[in-house]
Amino acid sequence: MRGERTCSIAITEPGAGSDAQGIRTRAQRSADGWVLDGSKHFISDGERSDFYLVSARTGDKAISMFMVDKGLPGLTVGKDQPMMGLRGTPHVELFFDYVPLEPLALLGAEGQGFKLAMGALNVVRLAQVGARAVGKACHVLELMTDCANERRQFGQKIGDFQMVQAMLADSVIDINAALLMVLHAAEMLGRVVDRGVQVFGGMGFCKDLAVERDYRDARIYRIFDGTSEIHRTVIARSRLKRGAALFDLHG
Ligand SMILES: Cc1cc2nc3c(=O)[nH]c(=O)nc-3n(C[C@H](O)[C@H](O)[C@H](O)COP(=O)(O)OP(=O)(O)OC[C@H]3O[C@@H](n4cnc5c(N)ncnc54)[C@H](O)[C@@H]3O)c2cc1C
């Protein structure tokens with residue numbers, strides 16, 4: 003809680019992504035606590051983290067969460083899995099070969115940790131992914147505004163051309179709308195970064211500029227912390243649960 007040690011969340015496995023309950027990693031009770039066996043992949047910052055929050059099967063249907071220290075015997079950090087974007091952060095495989103865990107490593111009650119983690123992820127999806135998408139779009143808008151003010155073609159600033167102004171205006175409108183509708187933020191970011199590259203022209207395609215990286219990084223917002231399709235499923239389920247109540251900001 004003091005922020006002195008860093009942590010990664012390790013849920014995804016090669017055979018279990020959206021279907022997070024389809025994991026094969028298993029924790030079995032032992033005389034001293036638990037023994038953890040299995041593997042994870044795509045774990046953000048996994049190489050640098052001091053410990054992991056790992057989901058593991060503790061019964062036929064029960065999935066629990068465990069706090070697993072990096073230095074434990076039997077735990078191996080696998081290779082970095084290079085990504086299209088977010089290249090400043092390593093995303094790694096984790097292998098657990100009968101890793102011994104203390105009884106206190108179990109988070110919450112047995113079989114409850116997974117529900118807690120999923121509940122937290124639903125908040126993260128909205129607050130963190132949505133807010134980050136808006137923030138990133140604002141950053142790209144700043145970059146393209148500076149470019150439109152500084153770059154000159156045909157003897158004038160490109161910002162004087164109405165078509166470039168339209169791209170800026172559409173982006174401002176989109177960002178403002180997204181602030182009110184943060185659920186749509188990831189899709190909005192895709193449109194704004196696309197225009198960001200367009201405003202820079204050929205330079206926007208060039209690796210020297212931040213906007214080229216923003217364009218690549220933007221794609222992941224529709225995949226991590228739950229894909230867009232899974233978000234829609236969560237929204238639909240919550241809608242069905244709430245019955246015919248009036249529409250509000252939570253859908
Ligand atoms: C850069 C990056 C960082 C990540 N960081 C972490 C991390 O730190 N910790 C961690 O645990 N995981 C992490 N992940 C994994 C991420 O959460 C998963 O990639 C994501 O949940 C999707 O799982 P998947 O890749 O297995 O795709 P799949 O689940 O195989 O999905 C493939 C396609 O099928 C669709 N699909 C699947 N099920 C349904 C359904 N029921 N209805 C409709 N469509 C469906 C999906 O929407 C998608 O389009 C990371 C991934 C990336 C790329």
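Here my numbering is used: the sequence shown runs in plain steps of one and ends on residue 253. All residues carry an ideal CB built from backbone N, CA and C; glycine is no exception.
Requested in this report: Consult DSSP for Phe163 and reduce its assignment to one of helix, strand or coil.
Outcome: Reduced to three states, the DSSP call for Phe163 is coil.
Report task. Give a yes or no on contact between the region 98–111 and the region 33–46, applying the rule of three or more CB pairs nearer than 8 angstroms. Result -> Contact between the region 98–111 and the region 33–46 is present, because at least three Cβ pairs lie under 8 angstroms.
Requested in this report: Under the assumption that Ala150 contacts Val166 (Cβ atoms under 8 angstroms), give the Cβ distance between them as a whole number of angstroms.
Outcome: 5 angstroms
**Report entry** Nearest neighbour of Ala29, chosen from Gly90, Met69 and Arg4 [CA to CA]
**Finding:** Met69
Query raised in the report: Does DSSP put Pro92 in a helix, a strand or coil?
Result: coil
Query - Range covered by the alpha helix (DSSP H) that runs through Tyr217 - result: Ala212 to Ala220
Report task. Hey, could you find the ends of the alpha helix (DSSP H) Arg28 is sitting in? Result -> Element bounds for Arg28: not the alpha helix (DSSP H) but the beta strand (DSSP E), Arg28 to Ser32.
**Report entry** Separation of Ile225 from Thr60, as counted between CA atoms
**Finding:** 28 angstroms
Report task. For Ile232, I'd like the list of residues in its chain whose CB is within less than 6 angstroms of its CB, leaving aside the five on either flank, ordered along the chain. Result -> Ser20
Query raised in the report: How would you label Gly198, buried or exposed, when you count the other beta carbons within 10 angstroms and need 16 or more for buried?
Result: buried
Query - Buried or exposed (CB count within 10 angstroms, at least 16 for buried), Met146 - result: buried
**Report entry** Backbone secondary structure at Ala58 - three-state DSSP
**Finding:** strand
**Report entry** Contact under 8 angstroms by Cβ, Asp71 with Thr8
**Finding:** 8 angstroms or more divides the Cβ of Asp71 from the Cβ of Thr8.
Report task. Figure out for me which residue from Pro84, Leu96, Gly90 and Val236 has the closest Cα to the Cα of Gly76. Result -> Leu96
**Report entry** Residues passing the C-beta test against ligand 1 heavy atoms, cut-off 6 angstroms
**Finding:** Ser10, Ile11, Ala12, Ile13, Thr14, Gly19, Ser20, Phe44, Ile45, Ser46, Met85, Leu88, His93, Ile222, Ile225, Phe226, Gly228, Thr229, Glu231, Ile232 and Thr235
Requested in this report: Quick one: measure Cβ to Cβ for Leu191 and Phe202, integer angstroms, because I've assumed they're closer than 8 angstroms.
Outcome: Not quite, the Cβ-Cβ distance comes to about 17 angstroms (not below 8 angstroms), so this is no contact.
Query raised in the report: For Leu143, does the three-state DSSP call read helix, strand or coil?
Result: helix
Query raised in the report: Per DSSP, Lys42 forms a beta bridge with which residues?
Result: Leu96
Query - Pick from Met86, Leu182, Gly132 and Glu152 that is closest to Arg221, judged by C-alpha positions - result: Met86
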